[in-house]
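K.L.:
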Amino acid sequence: MRLLVLVSVLLGSLYALDVRLTSTQIANGKSALLLLSPKDGKEYTKVKIASQSFPLLVHPEDEKSFFTLLPMSYYEKPSHKKLQLFYEKDGLQHSQEIALDVVQGEYKKEVLEVESSKVTLSDADKKRTAKEYAEAMKIYKTITPKSYIKEAFKAPLDSFITSEFGKARVYNGLLKGYHSGTDFRAEVGVPIIASNDGVVVLAQERFYAGGSIVIDHGYGIYTTYYHLSKFLVQKGDVVKKSQVIALSGKSGRVTGPHLHFGVRVFGVQVDPLQFITLINQNLFKGIQ
Ligand SMILES: [Zn+2]
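Quick note on this note's numbering: the sequence shown kicks off at 2 and runs consecutively.
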């Protein structure tokens with residue numbers, strides 16, 4: 002406890018309290034938030050980890066403050082990193098560093114039985130999944146330079162969670178990656194809502210995800226809704242938080258009906274519920 006107080010006092014004096022990182026440890030698959038409230042004539046210009054730049058985004062409740070998101074890939078290995086902040090003050094360039102550790106998240110294994118044609122793919126299905134993957138990645142890597150979000154995020158469905166993000170998945174005895182979102186229990190036909198304001202950038206049937214909707218919330222943040230049975234919006238539609246966008250279903254690679262909900266940030270797939278909590282607790286003091 003005493004050490005913690007000492008560390009925070011030191012950090013506070015080093016960064017003059019205008020920089021706040023929600024955590025200096027990030028597990029693979031999770032996100033952190035960096036908040037910048039420029040003081041004393043400072044102007045932040047860049048945030049980097051090694052050669053990767055992170056965009057400076059305008060704080061939704063304070064236009065003089067900025068934030069950026071630090072999404073860690075599930076495949077990121079434990080390591081020590083340095084977060085570099087560049088700023089200008091009195092016409093001079095400065096930089097400061099914050100140590101950041103990537104740690105191993107605690108994820109379990111899950112064994113599933115699905116249709117064998119969804120595990121060992123035909124040549125035609127291989128072609129189809131490669132095309133669908135490329136189309137989706139093109140969307141996720143696009144950073145819309147404005148934000149549609151005015152309020153906190155909401156879960157897309159009020160239900161039990163049947164499978165968390167990050168479980169290593171064994172399909173029909175074969176290890177096939179990890180669970181890339183959060184599954185909610187839902188029979189076929191349950192209304193699914195948009196987690197926040199945004200624009201529908203994908204609404205189509207896909208091989209693994211079945212009936213899929215992707216919403217662009219701006220600033221490189223996307224939410225995804227899979228295995229749907231019916232679309233109530235189409236590509237290009239502007240949607241509001243809590244608007245019903247679809248009905249749940251059991252399309253694609255599933256063991257039964259449910260909703261799969263995912264979040265992509267700057268192209269990286271992250272734990273959706275941890276992301277929502279992080280954003281809601283740190284960016285929105287007002288309306289939840
Ligand atoms: Zn899922």
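Ideal placement from N, C-alpha and C gives every residue a C-beta, glycine not left out. The structure displayed is predicted, hence computed values, not measured ones.
#1: State the Cα-Cα distance for the pair Gly237 and Asp91, rounded to the nearest angstrom.
#2: DSSP state of Lys47, grouped into three classes?
#3: May I have the straight-line CA-CA distance separating Ser24 from Thr183, to the nearest angstrom?
#4: Can you give the Cα-Cα distance for Ser14 and Asp41, rounded to whole angstroms?
#5: Does the distance from the CB of Gly212 to the CB of Phe232 come in under 8 Å?
#6: Skipping 5 residues on each side, what residues in its chain have a beta carbon closer than 8 Å to that of Ile27?
#7: Kindly identify the DSSP beta-bridge partner or partners of Phe55.
#8: By how many angstroms is the C-alpha of Ala156 removed from the C-alpha of Arg186?
#9: Note the first and the last residue of the continuous beta strand (DSSP E) segment covering Leu101.
#10: Taking Met47 as the reference, give the member of Pro39, Leu279, Tyr88, Tyr76 with the closest Cα.
#11: Determine the direct distance from the alpha carbon of Leu122 to that of Gln97, and round the result to whole angstroms.
#12: Please list the terminal residues of the continuous beta strand (DSSP E) segment that includes Gln85.
#13: Can you give me the C-alpha to C-alpha distance between Leu37 and Tyr172, rounded to a whole angstrom?
#14: Quick check: the Cα distance between Leu22 and Lys139, rounded to an integer number of angstroms?
#15: Keeping to the same chain, check which residues put their C-beta closer than 8 Å to that of Glu62; ignore five residues upstream and five downstream.
#16: Which residues bound the alpha helix (DSSP H) around Arg265?
#17: Does the distance between the C-beta of Asp184 and the nearest non-hydrogen atom of ligand 1 fall short of 7 Å?
#18: Can we say the region 49-68 touches the region 111-128, given the rule of at least three CB pairs closer than 8 Å?
#19: Could you say if the region 142-157 and the region 215-235 meet the contact criterion of at least three C-beta pairs nearer than 8 Å?
P.N.:
From the atom records:
#1: To locate residue 237, count along the sequence shown from 1; it is residue 236. To locate residue 91, count along the sequence shown from 1; it is residue 90. The straight-line gap from Cα to Cα measures roughly 45 Å.
#2: The residue labelled residue 47 in the question sits at position 46 within the sequence shown. Lys47: strand per DSSP, three-state reduction.
#3: Indexing the sequence shown from 1 puts residue 24 at position 23. Indexing the sequence shown from 1 puts residue 183 at position 182. Each residue's Cα considered, the two are about 22 Å apart.
#4: Numbered from 1 along the sequence shown, position 13 holds the residue referred to as residue 14. Numbered from 1 along the sequence shown, position 40 holds the residue referred to as residue 41. Legend: pLDDT at Ser14 = 44, less than 50; position of this residue unreliable, no value from coordinates given.
#5: The residue given as residue 212 occupies position 211 in the sequence shown. The residue given as residue 232 occupies position 231 in the sequence shown. Yes; because the gap between Cβ atoms is below 8 Å, this pair is in contact.
#6: Here residue 27 refers to the residue found at position 26 of the sequence shown. Short of 8 Å from the beta carbon of Ile27, and not among the five residues preceding or following it, lie these beta carbons of its own chain, in chain order: Ala33, Leu71, Met73, Leu101, Asp102, Val103, Val104.
#7: For this step, residue 55 is matched to residue 54 along the sequence shown. Paired residue(s): Val48.
#8: Along the sequence shown, one-based indexing puts residue 186 at 185. Along the sequence shown, one-based indexing puts residue 156 at 155. Here the alpha carbon of Arg186 sits roughly 13 Å from the alpha carbon of Ala156.
#9: Counting from 1 along the sequence shown, the entry for residue 101 is found at position 100. According to the DSSP assignment, Leu101 belongs to the beta strand (DSSP E) that extends over 93-104.
#10: If you number the sequence shown from 1, residue 47 lands on position 46. Note that residue 47 corresponds to Lys in the displayed sequence, not to Met. Out of Pro39, Leu279, Tyr88, Tyr76, Tyr88 has the C-alpha closest to the C-alpha of Lys47.
#11: The count along the sequence shown starts at 1 and reaches residue 97 at position 96. The count along the sequence shown starts at 1 and reaches residue 122 at position 121. Going by the C-alpha atoms only, they are around 49 Å apart.
#12: To locate residue 85, count along the sequence shown from 1; it is residue 84. Note, Gln85: beta strand (DSSP E), 80-90.
#13: Walking along the sequence shown from the start, residue 37 turns up at place 36. Walking along the sequence shown from the start, residue 172 turns up at place 171. Roughly 44 Å between the two C-alpha positions.
#14: Here residue 22 refers to the residue found at position 21 of the sequence shown. Here residue 139 refers to the residue found at position 138 of the sequence shown. About 29 Å.
#15: The residue labelled residue 62 in the question sits at position 61 within the sequence shown. Apart from the 5 residues on each side of it in sequence, Glu62 sits with its Cβ closer than 8 Å to the Cβ of Leu284, Phe285, Lys286, Gly287 in its chain, given in chain order.
#16: For this step, residue 265 is matched to residue 264 along the sequence shown. Here Arg265 belongs to no alpha helix (DSSP H); instead the beta strand (DSSP E) covers 259-266.
#17: Locating residue 184 in the sequence shown gives position 183, where the first residue counts as 1. Asp184: yes, Cβ under 7 Å from ligand 1.
#18: By the Cβ criterion, the region 49-68 is not in contact with the region 111-128, since fewer than three pairs of Cβ atoms, one from each stretch, lie closer than 8 Å.
#19: Yes, since at least three Cβ pairs between the region 142-157 and the region 215-235 fall closer than 8 Å, the two stretches touch.
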